[in-house]
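In mature numbering (1 follows the signal peptide of the UniProt record, and there is no 0), the protein residues as written are -18 to -1, 1 to 315. So the structure is just underneath, and the comments pick up after that.
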């Protein structure tokens, strides 16, 4: 009788559900996806996604390298073709990466998730009011009539800043690129830590004094989208100048030393799912990497350049630190 009562009492005690398994995803500060998509992954895999935001893309890489003996995450999103080779060389990526969908761009050792174009944006209204012709080349920006008009994020701390420098070197050649930067310093170029400071504080469209900035070719589409119907066309445009356009490919990968490598693989693969890829354009204002992903109508305002420039990946990996140091000496010291 006593055994029966004990058995019945055990059967009536509610089962304690195990806590979801945490999977940590290191991301740059611009990572954004609809919450519903993240929740869906969590529900399907009984998991909890913990985002580890680590600054801009280059800051993200540096932090992962500094903590590789005790990884701060299980997977990473936001490394790109400008620093992915350094990530591989530093040994922070797992030797085995999951298979992904077919993509229109590739990122060796990682799954390409999205791509976009870094270029010069300009304030259409400012140029119309001043009746100043748009520059037709990077050289034009060094002329007196364009003095104190340009703002650029620092390549040592900003992903688009680094991308723009790589486009300069790829399009003009190394020595001519740094000679151009020396001329830009004399012509009053403004340097900010990151894109956000350039856009929100210095760009004339937002109350600053600079009508030209290094940004993204998709920014005009974002301007229309966030106007919530107030704009049918953007007030900003793109300047696709020779040596001033860079194609940035961002990817995701499982990190070496991941605590939950299998779950990390599933999370990386999830970034290739149709719903995530469809959300990428208006969540992060880049193009989805997976082939055949439809684009929202607003992306018609995101003009695509016919050409882009960059040194090859190996050359970037070998010279990146030297180039940033030379840029700093040329522009800031």
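Note that beta-carbon positions come from the ideal geometry of N, C-alpha and C, so glycine has one too.
| Item | Value |
| --- | --- |
| Three-state class that DSSP yields for residue 173 in the structure shown | strand |
| Per-residue burial, residue 32 [other beta carbons within 10 Å of its own, 16 or more giving buried] | exposed |
| Beta-carbon separation (whole angstroms), residue 312 vs residue 146, contact threshold 8 Å | No, residue 312 and residue 146 are not in contact; Cβ-Cβ is about 14 Å, not under 8 Å. |
| Contact set for residue 94: own chain, Cβ-Cβ below 7 Å, skip 5 residues either direction | 85, 87, 88, 231, 233 and 271 |
| DSSP three-state assignment for residue 96, whether helix, strand or coil | strand |
| Residue 195 and residue 184 closer than 8 Å at C-beta | yes |
| Range covered by the alpha helix (DSSP H) that runs through residue 327 | Residue 327 is absent from the model: the chain starts at -18 and stops at 315. |
| Closer than 7 Å: residue 162 CB and nearest the ligand ADP heavy atom | The ligand ADP is absent from the structure shown, which contains no ligands of any kind. |
| Where the beta strand (DSSP E) containing residue 62 begins and where it ends | 57 to 62 |
| Straight-line Cα distance separating residue 2 from residue 293 | 44 Å |
| At least 3 beta-carbon pairs within less than 8 Å: the segment 269 to 287 vs the segment 191 to 207 | yes |
| Reduced DSSP secondary structure (H/G/I, E/B, other) of residue -1 | coil |
| Burial state of residue 71 (16 or more Cβ within 10 Å) | exposed |
| Which of helix, strand or coil DSSP assigns to residue 85 | strand |
| Separation of residue 221 from residue 116, as counted between CA atoms | 8 Å |
| Candidates 308, 104, 111 and 248: closest to residue 23 by CA position | 248 |
| Three CB pairs or more closer than 8 Å across the segment 244 to 261 and the segment 172 to 183 | no |
| C-alpha distance - residue 35 paired with residue 48, whole-angstrom precision | 15 Å |
| Status (buried if at least 16 other CB within 10 Å, exposed otherwise) for residue 126 | exposed |
| Three-pair Cβ contact test at 8 Å for the segment 208 to 223 versus the segment 102 to 111 | yes |
| Where residue 135 sits in the DSSP three-state scheme | strand |
| Residues of its chain near residue 269, where Cβ-Cβ distance is below 7 Å and the 5 sequence neighbours each way are ignored | 96, 97, 98 and 263 |
| Opposing strand residues paired with residue 9 [DSSP bridges] | 35 and 59 |
| Nearest residue (CA-CA) to residue 228, options 156, 149, 17 and 79 | 149 |
| Where the alpha helix (DSSP H) containing residue 252 begins and where it ends | 243 to 252 |
| CB of residue 120 within 8 Å of CB of residue 226, strictly | yes |
| Between the CA atoms of residue 5 and residue 305 - distance to the nearest angstrom | 36 Å |
| Where the beta strand (DSSP E) through residue 262 begins and ends | Where residue 262 is concerned, there is no enclosing beta strand (DSSP E), although the alpha helix (DSSP H) it sits in stretches over 256 to 266. |
| Spatial neighbours of residue 124 in its chain, beta-carbon cut-off 8 Å, leaving aside the 5 residues before and after | 162, 165, 166, 168 and 169 |
| Backbone CA spacing between residue 175 and residue 242 [nearest angstrom] | 34 Å |
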